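Undergrad: I have a structure here, written as C-alpha cells, and I will follow up with some questions on it.
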Amino acid sequence: MLKQTEGSHAVAEAVALCRPDVICAYPISPQTHIVEGLGELVKDSSLTPCEFINVESEFAAMSVAIGASSAGARTYTATASQGLLFMAEAVYNASGLGLPIVMTIA
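Under the numbering used here, residues -3 to 102 are what the sequence shown spells out, in order.
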C-alpha cells in the first residue's frame, strides 16, 4: 500500500521499524519533526521498551548514545548540520570505539 507522508515522518517510521532501545536527541531544526514523531510513538507505547532521552545539548545526545551503545543497546540519535559540529568530538570517540550508533543528519 502506498501512502503520502512528509519526509521527517517517513524517517521516524523507518527508525521505529528498526526497534531502537534508546533514542537520545536534542531538538534542532530541521530534525525536530523526526524526534517529535519518535517521542509520540514512545509516549503511546507503540515503541516499547524504548527509552526516549531528551538532553541539553548535541554533545550530550552523542554522549548518551555512546553510553547506551557501549552497554549493548540499539541506539539512535538525530541532528542537523550545526548540531553535528557541536557533537564532533563525541562522534570521533564513538567511531574510535567502533560503536554501532545510527544517526540521522537532517
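Note that beta-carbon positions come from the ideal geometry of N, C-alpha and C, so glycine has one too.
Computed from a predicted structure; not experimentally measured.
Need the endpoints of the alpha helix (DSSP H) that Met58 sits in, please.
TA: The sequence position of residue 58 within the sequence shown is 62, counting from 1. Glu54 to Ser66 is the span of the alpha helix (DSSP H), which, as asked, contains Met58.
Undergrad: Return the bridge partner residues of Ala10 from the DSSP annotation.
TA: To locate residue 10, count along the sequence shown from 1; it is residue 14. Residue pairing from DSSP leaves Ala10 without any beta-bridge partner.
Undergrad: Do you know offhand how far Glu9's Cα is from Ile30's?
TA: Within the sequence shown, numbered from 1, the residue matching residue 9 stands at position 13. Within the sequence shown, numbered from 1, the residue matching residue 30 stands at position 34. Spanning the two alpha carbons is a distance of roughly 9 angstroms.
Undergrad: Express the C-alpha separation of Glu2 and Gln27 in angstroms, rounding to a whole number.
TA: Position 31 of the sequence shown holds residue 27. Position 6 of the sequence shown holds residue 2. In a straight line, the C-alpha of Gln27 is about 12 angstroms away from that of Glu2.
Undergrad: So the candidates are Gln0, Ser4 and Gly68; which of them puts its Cα closest to the Cα of Thr75?
TA: Within the sequence shown, residue 75 is the residue found at index 79, counting from 1. If we check each option's Cα against that of Thr75, Ser4 comes out closest.
Undergrad: Quick check: what's the CA-CA separation for Asn89 versus Val38?
TA: If you number the sequence shown from 1, residue 89 lands on position 93. If you number the sequence shown from 1, residue 38 lands on position 42. If you take the alpha carbons of Asn89 and Val38, they lie about 28 angstroms apart.
Undergrad: Which stretch, first to last residue, makes up the alpha helix (DSSP H) that contains Ile30?
TA: To locate residue 30, count along the sequence shown from 1; it is residue 34. Ile30 -> alpha helix (DSSP H) spans Thr28 to Lys39.
Undergrad: Would you tell me roughly how many angstroms separate the C-alpha atoms of Ser91 and Leu43, rounded to the nearest one?
TA: Translated into positions along the sequence shown, residue 91 becomes position 95. Translated into positions along the sequence shown, residue 43 becomes position 47. Rounded to the nearest angstrom, the two C-alpha atoms are 27 angstroms apart.
Undergrad: Which one or two residues does DSSP pair with Thr71 in a beta bridge?
TA: Sequence index remark: in the sequence shown, residue 71 carries index 75 (1-based). Note: Thr71 sits in a beta bridge opposite Val18 and Ile97.
Undergrad: Tell me, to the nearest whole angstrom, how far the beta carbon of Ala67 is from that of Met83; I am working on the premise that it is less than 8 angstroms.
TA: Residue mapping note: residue 67 aligns to position 71 of the sequence shown, counting from 1. Residue mapping note: residue 83 aligns to position 87 of the sequence shown, counting from 1. 19 angstroms between Cβ atoms; not a contact.
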